[in-house]
Structures are given as C-alpha cells and as structure tokens.
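A.B. asks: Got a structure for you, questions after.
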Amino acid sequence: MRKHSLCFAAAAVLGTALFCAPARAADESPANALLLIPSEKTAFDARFQDFLNKNGARLTESFPPSAFIGYVPEELDVQLKKKYGVQVYRGKVDDISEFFKYGETAVLAGNSWNKHFQEDPPSAPIVISHQVNRAGPAKIMLRWNEVMKAVTYRLQISHDNAFRRIALETILPDNSFELCTPFWADGVYYWRVAGELVLNTGQSHEGAFSDTYSFSISRPAAEARTAAPVLPAAARFKRPALSWPKAPAFKYYRLQVSRDKDFSSPMLDVFTDTETYSVAGLPVARDTPVYMRLMGADETGAGAWSGPSEVILETPAGPPAKGRKPRRRRHDN
Numbered sequence: 169m170r171k172h173s174l175c176f177a178a179a180a181v182l183g184t185a186l187f188c189a190p191a192r193a194a195d196e197s198p199a200n201a202l203l204l205i206p207s208e209k210t211a212f213d214a215r216f217q218d219f220l221n222k223n224g225a226r227l228t229e230s231f232p233p234s235a236f237i238g239y240v241p242e243e244l245d246v247q248l249k250k251k252y253g254v255q256v257y258r259g260k261v262d263d264i265s266e267f268f269k270y271g272e273t274a275v276l277a278g279n280s281w282n283k284h285f286q287e288d289p290p291s292a293p294i295v296i297s298h299q300v301n302r303a304g305p306a307k308i309m310l311r312w313n314e315v316m317k318a319v320t321y322r323l324q325i326s327h328d329n330a331f332r333r334i335a336l337e338t339i340l341p342d343n344s345f346e347l348c349t350p351f352w353a354d355g356v357y358y359w360r361v362a363g364e365l366v367l368n369t370g371q372s373h374e375g376a377f378s379d380t381y382s383f384s385i386s387r388p389a390a391e392a393r394t395a396a397p398v399l400p401a402a403a404r405f406k407r408p409a410l411s412w413p414k415a416p417a418f419k420y421y422r423l424q425v426s427r428d429k430d431f432s433s434p435m436l437d438v439f440t441d442t443e444t445y446s447v448a449g450l451p452v453a454r455d456t457p458v459y460m461r462l463m464g465a466d467e468t469g470a471g472a473w474s475g476p477s478e479v480i481l482e483t484p485a486g487p488p489a490k491g492r493k494p495r496r497r498r499h500d501n
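Per my numbering, the very first residue in the sequence shown carries number 169; after that it's consecutive.
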C-alpha cells in the first residue's frame, strides 16, 4: 500500500511538497475517503492544505496530481466541493470512467480505493437451520452463521411474514438466540436476522436481513398468571451484567432493557433461566441510566411485567494513583 514515502517521492518528482503529513500515533483513524481534485494546482495550494490540516484531515495515499486517499471528516464534503471542486468518494467506485479524465495515476487511485471493499462480508447472515432446534422442554434455539466483520446482530420475530407486527426485536452479541416458549401464545411466528457490520473504512453498516423462517409454539392450556417479579427502583452494577433477586415462583425470565421508561422500543429483549444476564458486547453505555423490567414464567405460562428499574453500569475504578508516602514527622524529645 502506498504510504507517506509515496508522498515524499511524488514531491521530489514534482518539485514541491505534498500535504501528506506523517500520521500521529494518537490519530490513527482509518482511511474513509477518496478525493478527486479537478485542478492540478489545488493539491499544492497552501490554503487548501491548511484547510485540511485545521479540520483534522489526514491523507495517507497519494496519486498526484489529482487523487488522494485518507481520513477526511464527513462534515467537510460540502465545503470541499463548494470551495475547491473536490469530489469525495465514500463508497466503492462503480464507474471508474470519470478517473480516466485525470490520467493513469487517478485510475490507479480508483482501483486502489476499491480494494478497501473487496473483503466486505455478505450482506445477510445465512441461517444454519430453519428447523426448530429444541433446547429443552420449554426452549427453542435459533442459530445463524457468523458474519465476517459483524459486531452485533439484530433479530426480529413477528406475528406475520411481512413483519408488520413485531413481537420481539433485540440486539445480540452472538449468532444464536434462546427463546423460552412459556412467554409466547400458541401460533406460528416468523423470524429474520441482520448483522451490524464495521467495514474496512471503520464505518458502521447494517447488513440486509436474512431469509425469513418460521417456528410454531403449541403448549397445553394453562391458567394465566398475574404475578410479577419485584425489582428495586434503581440499581448500580460494577460488572457488565444485570442481576435481580431470585424469585422461587419463576423458572424463566424475559428481560427488556430500554433507553426510555415506557419500553416502547427496547434495545434488548431476551430470555434467561438465571437471575443474571451479561450485556458485554452490547450498546449499553457506562455511567448512563437505562431502564430494565422483568417478566417471570414457569412451564405453565408467564406473569405480568415488573415495574421499571433504573440501572447504571458503573465505569470500573482504575488502580490507585502511585504517590509518595507521607514523610513521618520528627518529634522533638
């Protein structure tokens, strides 16, 4: 890959200095832009170079005199176009013909930039099996393949195959989901999953949903429960896990975590058969209040939702600062 040495080599050929300053260790943002500069003079204009430097741009690959690759904050796109006529490419260049107008090095820049996207993962996960995998008398396991560059997965379960009525939507750190059937009414349900990806450019991107599959739930008729777990009004946790008091009446729990107290759009909606649930790898920020609530169940059915509990994941305390031991005072005899 062409790095800073290319900048200086090009400078020697063209008899002037390029603006590809060496990257600082604290500023290693990944390349996220390809710049196509219409005027050969613009790249070497001191005001243009100063504009980039002052706004945090860092160009790491040079294809003089018209094309450069590097990190450029997205908010600069409009100004670069308006003030300097610079075309900024953020995604893959599908039509390289525009680059032929600026010579072979510009075409080389376009091809080099497109290599950033060659290893992009599939747009949708592949379901390992659309058959229902029983994980016990009251559990169903849904599984899909791990998608390259996926950091989390978004699962949706619906009452209809068009997903007009979402029964459950949640973010998951792993490529599986355990569903407890006592919380669900009898019937057929549809499910699909998408990966939340981090691309080579460092940008986040939600992939397409997988194909839609279904499962059915049929349980013996049981009398509805009305009991609800009891949660404290507020709780703080030092580890990236939520926990609650054990309730002997319940064997399973449905846990929801939401940024809003009304739980209109929970970010986490999961099941567990223990009184704790790890949120490591999920978008639950430290030292920021969120809300959780619980519903309990046994094999016969589920009860009501608990009241909301405001919870905070505390930032772990760092090691104590190393300081000089206090000097002992000398006492006069």
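Every residue gets a Cβ at the ideal spot worked out from N, C-alpha and C, and that includes glycine. Note that the coordinates shown come from a computational prediction; the quantities given were computed from them, not determined experimentally.
#1: What are the complete beta strand (DSSP E) segments, minimum 3 residues, inside the segment 207-233?
#2: Mapping DSSP to helix, strand and coil, what is TYR252?
#3: Give every residue of the same chain whose Cβ lies closer than 7 Å to the Cβ of SER344, excluding the five residues on either side of it in the sequence, and list them in chain order.
#4: Beta-carbon within less than 6 Å of LYS419's beta-carbon, same chain only, minus the 5 sequence neighbours each way: which residues are those?
#5: Between which two residues does the beta strand (DSSP E) carrying TRP281 extend?
#6: Using 8 Å as the threshold, is the segment 369-383 in touch with the segment 427-437, meaning 3 or more CB pairs across them?
#7: Where does LEU436 sit, in a helix, a strand or coil, going by DSSP?
#8: Would you call the CB atoms of VAL366 and LYS317 closer than 8 Å?
#9: Name the two residues that bound the continuous beta strand (DSSP E) containing PHE267.
#10: Determine the contact status of ASN313 and PRO293, defining contact as a CB-CB distance below 8 Å.
#11: In its own chain, which residues sit with a C-beta less than 7 Å from the C-beta of ASN282, not counting the 5 before and 5 after it?
#12: Should ASN223 be labelled buried (16 or more other beta-carbon atoms within 10 Å of its own) or exposed?
#13: Between which two residues does the beta strand (DSSP E) holding ASP466 run?
#14: Can a CB atom of chain C be found closer than 8 Å to the CB of PHE268?
#15: Between VAL586 and HIS284, what straight-line distance do the alpha-carbon atoms span, to the nearest angstrom?
#16: Could you give the C-beta distance for GLY475 and ARG461, rounded to a whole number, given that I count them as a contact under 8 Å?
#17: Using the Cβ count rule (16 or more neighbours within 10 Å means buried), how would you classify ARG404?
C.D. replies: Answer, in terms of the structure:
#1: 226-231
#2: helix
#3: MET309, LEU310 and ARG311
#4: ASP466
#5: No beta strand (DSSP E) contains TRP281, which is instead part of the alpha helix (DSSP H) from 272-282.
#6: no
#7: strand
#8: yes
#9: Premise fails: PHE267 lies in the alpha helix (DSSP H), 265-268, not in any beta strand (DSSP E).
#10: yes
#11: LYS260 and VAL261
#12: exposed
#13: 458-466
#14: In the displayed structure, chain C is absent; only one protein chain is listed.
#15: Nothing in the structure corresponds to residue 586, since the chain is present only between 169 and 501.
#16: 7 Å
#17: exposed
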